[in-house]
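Novice: Residue numbers (this note's numbering): 59 to 167.
All C-beta atoms, glycine included, are put in the ideal place defined by N, C-alpha and C.
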DNA sequence: ATTATGACTTAGG
DNA sequence: CCCTAAGCCATAA
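1. Should residue 88 be labelled buried (16 or more other beta-carbon atoms within 10 Å of its own) or exposed?
2. Quick one: what's got a C-beta closer than 8 Å to residue 94's C-beta in the same chain, skipping five residues either side?
3. Pop quiz: residue 68 and residue 102 are said to be a contact at Cβ under 8 Å. What is the actual Cβ separation, rounded to whole angstroms?
4. Use the C-beta contact count for residue 137: other C-beta atoms within 10 angstroms, 16 or more gives buried, fewer gives exposed.
5. Helix, strand or coil: which one does DSSP assign to residue 130?
6. Tell me the start and end of each unbroken alpha helix (DSSP H) in the region 64–130 that is at least 4 residues and wholly inside, in chain order.
7. What does the alpha-carbon distance come out to for the pair residue 76 and residue 160?
8. Per DSSP, what kind of secondary structure is residue 148 in: helix, strand or coil?
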């Protein structure tokens, strides 16, 4: 049985996010079986900053707001990376979030 | 064990 | 969609 930590589970999901797509912390939390631990997902991301396998820039809050951009070295990095992948970002928010939203449940569960 | 913290979410206005 | 208040939960000290 997997004795993976909460963080590792989050990483596994975030790692599978396709390019040009974004998802929310709550969706990830729910996918790993901790719908109420959405905050922990972000917390885990903070630890995942050093991992290239975890595209944290593809994880936004439910409003499509780039909440984590402040934690990147450069505040423009996150928005720039998303834009480079085809995601329209404006004023630190993802435009047409519904269009870019990716549900981990559809691929994992 | 207890306290403090936080890249969130939901509900109500 | 924006704002405020309250809830929730894993990690660190």
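Specialist: Taking the structure as given:
1. buried
2. 87
3. Beta-carbon to beta-carbon, residue 68 and residue 102 are separated by about 4 Å, close enough to satisfy the 8 Å threshold.
4. buried
5. coil
6. Annotation: the region 64–130 contains the following complete segments of the alpha helix (DSSP H) (minimum length 4 residues), in chain order: 64–73, 83–89, 96–106.
7. 8 Å
8. strand
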